[in-house]
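To start, the structure itself, in structure tokens.
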Amino acid sequence: MEPFHTQLHFTTFHGESVFLLNLPVLETNPSFHVFDQSTRKGHLANGSNNIILNPTFEDELSNWSGKGCNILLHESMEEGKILPLYGKFFASATNRTRSWNGIEQEITGRVQTKLAYEVTAIVRIYGGNVADANIQATLWVQSQDINEQYIKIAISQATDKGWVQLQGKFLLNGSPLKVIIFLEGPPPGTDILINRLVVKHAEKAPRPLRPSMKNEAFGVNIIENSNLDDGINGWFPLGNCSLNMEFGSPIELPPMARNSLGMQERLSGRYILVTNRADTWMGPAQMISGKLKLYLTYQVSAWVKIGPGSTSPQIVNVALSIDGNWVNGGQVEFNNGSWHEVGGSFRIDKQPSNVMVYIQGPAAGVDLMVAGLYIFPVDRRARFKLLKKQTDKIRKRDLILKFSSSKANNVSGAFVKVEQIQNFFPFGSCITRSSIDNEDLVRFLVKNFNWVVFGNELKWSWTEPQQGNFNYKDADELLNFCKNNNLEVRGHCIFWEVEYAIQPWVQGLNKSDLTTAVQNRLTDLVTRYKGKFRHYDVDNEMLHGSFYKDRLGKDIQATMFRTSHQLDPSATLFVNDYHIEDGSDVRSSPEDYIRQILDLQRQGAPVGGIGLQGHIDSPVGPIVSSALDKLGTLGLPIWFTELDVSSANEFIRADDLEVMLREAFAHPAVEGIILWGFWELYMSRENAHLVNAEGKINAAGKRYLALKKEWLSRARGYIDVQGEFRFRGFYGTYNIEINSPTTKINRTFVVDKGESPLAINIDL
9 MEPFHTQLHF TTFHGESVFL LNLPVLETNP SFHVFDQSTR KGHLANGSNN IILNPTFEDE
69 LSNWSGKGCN ILLHESMEEG KILPLYGKFF ASATNRTRSW NGIEQEITGR VQTKLAYEVT
129 AIVRIYGGNV ADANIQATLW VQSQDINEQY IKIAISQATD KGWVQLQGKF LLNGSPLKVI
189 IFLEGPPPGT DILINRLVVK HAEKAPRPLR PSMKNEAFGV NIIENSNLDD GINGWFPLGN
249 CSLNMEFGSP IELPPMARNS LGMQERLSGR YILVTNRADT WMGPAQMISG KLKLYLTYQV
309 SAWVKIGPGS TSPQIVNVAL SIDGNWVNGG QVEFNNGSWH EVGGSFRIDK QPSNVMVYIQ
369 GPAAGVDLMV AGLYIFPVDR RARFKLLKKQ TDKIRKRDLI LKFSSSKANN VSGAFVKVEQ
429 IQNFFPFGSC ITRSSIDNED LVRFLVKNFN WVVFGNELKW SWTEPQQGNF NYKDADELLN
489 FCKNNNLEVR GHCIFWEVEY AIQPWVQGLN KSDLTTAVQN RLTDLVTRYK GKFRHYDVDN
549 EMLHGSFYKD RLGKDIQATM FRTSHQLDPS ATLFVNDYHI EDGSDVRSSP EDYIRQILDL
609 QRQGAPVGGI GLQGHIDSPV GPIVSSALDK LGTLGLPIWF TELDVSSANE FIRADDLEVM
669 LREAFAHPAV EGIILWGFWE LYMSRENAHL VNAEGKINAA GKRYLALKKE WLSRARGYID
729 VQGEFRFRGF YGTYNIEINS PTTKINRTFV VDKGESPLAI NIDL
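Laid out in structure tokens, this is it:
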């Protein structure tokens, strides 16, 4: 029987990994660079750090072997048209009859566990009548119990035109019996060429400096003549459109800007009217070069409106051209003649030379109106003060500890020390089957989280990669792990609506067979795990995909919810989608999400919760809070289900994470926060980790731990003459220590959620 290998159906979208085969992954950030043949270099020495033997084939094919195919040594090919980029030689894996055939080397004994390694390969393809194909670097690991595991290190598109640099990282757990690294991927008949392979201990990046932010002009608009007090001076038309000033726009700041800036002077009521628009990108523009500062988070806000002439909803986008690169400052979609708020945010991490802001989007021929454009740096610390007050109001309760004792004289005046040992609010993380083999990761997880979600192991593409070939082993083992460590579990996900996430055999079914397959999936999964998952994301990302709805009709999504509830009434059923909370995606505004939920409910779908994935950049509190306020009107619990923030600077990452955690914890509709991982190389998003691959907690991790500590109540004092001690504390479990001259007593008590003061009797 042939060994089973990946068919390279892996990719990453908005922070979530798509696995179309059961391939455990410990890798992030694969990248590549294409070299021109003219950049050919001389021999590169192996170096003591490289664990690959004979990495540039100076010793011919020593230490290398073919994986199901032949390997050959070359000085050149195609009459000198293909030459090595490094050194004098390169090798080819030829006569490949399977996509997993390639070139390999055993690295057992030279690779160490719990160390991060970076892999760099110089590769290209040849023959097979294809101009480009994916090449993947993979580890084959055999454990002490003879179980096998394939770990994807990196994947990139190679070409027959030049050499490509393939890069990635990996980390091994446990004590493997045997480890082999190999290259695979192109279709049969296509040769893999390799010029060099380096596997070495990953260099630690220099720790970034904490950005200095002193005397910043928070809340000050950098847009010149925003109120058009000086006509349209400072503005110019982008393209051959016409700009004119008119009257009749709102005089109040848009709500999200008002929440950030407080009460400001009213707007002028003047607006820019853009006519003669011959293309979507045409609109008003202004140069703001030199006005942006590094690492500050800028909020964008404006009133926008469109003229008559459109027959479908139109998108209006505030965009920035930063040294020629497009940056999204926020967008909104609408189809009526009313004024609408457009809002968003952005940040720069290197000083640009030229920056232009412009408003674009509606179809050619549709007039555009813009009023009160504001771009200003936000004062996060001022916002945090408000959030702390809101948090105290909704997450705490007044407590009265009433002490009684047969020795009444000893109660009054005794010293009381109260320490909260657990906050009941759910904080969770994504885990994978491979991540729980890392003992250090598990220790951090169990200590600092009380909920988890599986990254891929419950997805249909994982549990049934080929029709009738089921794999529940990984999910079963993860559930057992959670049970042993008292971790509650979300079920992610029963279905996934976007087509790229659906395995080929499902995509190939006709309507009748697809209907049967969907019913079987529901019955198999939900019945098997009845009562074991507290939540289910029933049909993931319905705002961004419609695979099942297009093929089985609009009612299928509600049917998925109804059937799931029938099979497991104890599970809360969630919708789950992304970019709801940041204003960056017109497909997933809070209003669209609300319409979708109400439509499902009208069809009888028992929607029990709202999932916000939370893959976000440069978050601004009032924008996030505005989305939560709108969704909160539905009266359903809101969870952040896949939260991550990304920045190469760990201090900026920490600040972004604090924004999201404080906004969520301070909002009464939010009932849980799940991070989409926390450990480097076990996350699908680059520069989002709280702990590096080898266990060091970075600034973002320290900020998370500091907030968790802040959200545990502590109190000190003395029992009064009535035998009482009063304080206000978070919901959760507490230890109390009572000290008097004659005795020392310890007790435990629980504070449940409630608004009225809670009296707790403690018998001494």
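Once you know that position 22 of the sequence shown is 30 in the numbering used here, the rest is easy, because the numbers rise by one and skip nothing. A virtual CB, placed ideally from N, CA and C, is assigned to each residue, including glycine.
Burial state of residue i, where buried means 16 or more other Cβ atoms lie within 10 Å
i	result
F541	buried
E427	exposed
G499	buried
L198	First, the amino acid is wrong: residue 198 is Thr here, not Leu. T198 is buried by the Cβ-count criterion.
K160	buried
E666	buried
A225	exposed
K75	buried
I189	buried
K401	exposed
T649	buried
L31	At L31, the pLDDT of 30 sits below 50, so the modelled position is not reliable; the number obtained from the coordinates is stated separately. Buried, because 16 or more other Cβ atoms sit within 10 Å of the Cβ of L31.
E671	buried
Q474	exposed
G610	Note that residue 610 corresponds to Arg in the displayed sequence, not to Gly. Under this definition R610 is an exposed residue.
P676	exposed
M271	exposed
V808	Outside the modelled stretch of the chain, which goes from 9 to 772, sits residue 808, for which no answer is possible.
F65	buried
Q120	exposed
R389	exposed
R104	buried
Other residues of its chain near residue i: CB distance less than 8 Å, five sequence neighbours each side excluded
i	result
F503	W468, V526, R529, V546, D547, N548, Y556, M568
A124	K177, F178, L179, H209, A210, E688, L689, N700, A701, E702
L302	P219, I356, D357, K358, Q359
W243	N233, L251, I280, P292, A293, Q294
Nearest candidate by alpha-carbon position, reference residue i, set the options
i	options	result
T531	N488, Y508, D576	D576
E732	A707, V758, E718, L772	L772
S655	S420, L304, D448	L304
S721	D728, Y742, V729	Y742
G561	A310, D593, T523	T523
Q150	K169, Q144, N747, G117	G117
M290	M271, M377, E763, G421	M377
G182	K212, Y279, N446	N446
Y134	T399, C438, V312, G170	G170
T7	G762, S748, I768, N747	No answer is possible for residue 7: the residues shown for the chain start at 9 and end at 772.
V594	L449, E694, N336	N336
W684	V678, L651, L81, L715	L651
Backbone CA spacing between residue i and residue j [nearest angstrom]
i	j	result
L191	I111	6 Å
T288	S318	13 Å
R218	A723	33 Å
L659	P216	Reading off the sequence shown, one finds Phe at residue 659, where the question assumed Leu. Looking at the two C-alpha atoms, the distance is approximately 8 Å.
Y601	S634	14 Å
K49	L201	With a pLDDT of only 44 at K49, under 50, the local geometry of the prediction cannot be trusted, and the value read off the model is given with reservation. The straight-line gap from Cα to Cα measures roughly 17 Å.
M668	P630	11 Å
E790	P196	This structure cannot speak to residue 790, because the chain is shown only from 9 to 772.
V282	A293	11 Å
V460	K299	43 Å
L486	D760	30 Å
Q511	Y158	19 Å
K393	V374	44 Å
N142	P194	6 Å
L466	V615	20 Å
R405	E718	16 Å
Own chain residues within Cβ distance below 6 Å of residue i, not counting five before or after
i	result
V138	T198
V506	E549, H552, G553
N325	Q339, Q368, G369
A662	A707, A708, R711
Q430	G740, T741
T440	G463
K773	As shown, the chain starts at 9 and ends at 772. That puts residue 773 outside it, with no answer to give.
Residues of its chain near residue i, where Cβ-Cβ distance is below 7 Å and the 5 sequence neighbours each way are ignored
i	result
N241	N233
R132	A166, T167, D168, G170, W171, V172, L201
Exercise for review: May I ask you to verify whether the stretch 324-340 touches the stretch 385-395, counting CB pairs closer than 8 Å and requiring at least 3?
Suggested key: no
Review point. Taking one C-beta from the stretch 86-102 and one from the stretch 147-165 each time, how about it: are there three or more such pairs within less than 8 Å?
Key: Pairwise C-beta distances place the stretch 86-102 out of contact with the stretch 147-165, as fewer than three of them are shorter than 8 Å.
Review point. Contact between the stretch 578-586 and the stretch 251-265: three or more CB pairs below 8 Å?
Key: no
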